[in-house]
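Peer 1: Before I ask anything, here is the structure I am working with.
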Amino acid sequence: GTIIFGLLCLSVLVRQLWADRMRLTFPLIQLPVELVTEPKIFSGPFFWTGIGIAFLVSLVNGFHQLFPTVPEIPTRALVIASHTSPWNAIGESRFSIYPFALGLGFLAPLHLTFATWVFLLLQRGELVVTRQFGWDILPRFPFLGEQSTGALFGLVLFRLILQRRNLKAVALSALGLRADI
């Protein structure tokens, strides 16, 4: 409950700047709006084929979990592991295909999914280079958790710098002073 309240307060702080002043679009809302305003999407064969395949795979694998005699459609089969140095620094990589995740991936902005893949490959490459040069003798090197925390702090600081005028106006308005908000 506390997290939801905090996120709601944060959205109140940035809503006016993002929606009114910057006129940002919200790409996640575009598909539901299209589905409501243009119902012809539902009549397309590709839409129903995709929905049917995802439903069938999930249904069969769900029955396999309940009744092991029902054959499973393999969606979690690919495991990549190397036993030669420096590639063994990556460890075991499991590749799974989840139909619902593929559907959600199509709803996400392209630059977000691309960045996810790029940073995954950079992380794995960093582990390989670390093993190649022998730096992995240090405990927890290359400090992936600390790098992630630093990136999060950097993003928050960057957003605060970009929003400084809006946050100042919100603070002045909350104190009862005259503000341009």
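Quick note on the numbering used here: the sequence shown kicks off at 1 and runs consecutively. A virtual CB, placed ideally from N, CA and C, is assigned to each residue, including glycine. None of these values were measured; they are calculated from a predicted model.
1. So, using beta-carbon positions, are ASN166 and LEU10 closer together than 9 Å?
2. Between ALA89 and VAL128, how many whole angstroms is the CB-CB distance? I'm expecting something under 8 Å.
3. Between which two residues does the beta strand (DSSP E) holding PHE95 run?
4. Is the distance from the Cβ of SER85 to the Cβ of GLN147 below 9 Å?
5. What residues in its chain sit with their C-beta under 6 Å from that of PHE95, if we drop five residues either side in the sequence?
6. Given this structure, state the Cα-to-Cα distance separating HIS64 from GLY103, to the nearest angstrom.
7. Just to confirm the assignment, what range does the beta strand (DSSP E) spanning ILE90 have?
8. Quick check on the DSSP output: the alpha helix (DSSP H) that includes VAL128 runs from which residue to which?
9. Looking only at DSSP bridge pairs, what is ILE137 linked to?
Peer 2: Let me lay it out:
1. Taking 9 Å as the cut-off, the beta carbon of ASN166 is found no closer than this to the beta carbon of LEU10.
2. Indeed, because the Cβ distance is near 5 Å, the residues count as touching under 8 Å.
3. 93-95 is the extent of the beta strand (DSSP E) around PHE95.
4. In this structure, SER85 lies away from GLN147, with their beta-carbon atoms at least 9 Å apart.
5. For PHE95, where only same-chain residues beyond five positions count, the Cβ hits under 6 Å are LEU78.
6. Whole-angstrom Cα-Cα distance: 22 Å.
7. Segment: none, ILE90 is in no beta strand (DSSP E) and carries neither H nor E.
8. Boundaries of the alpha helix (DSSP H) around VAL128: 110-132.
9. BP columns for ILE137 are empty, so no partner.
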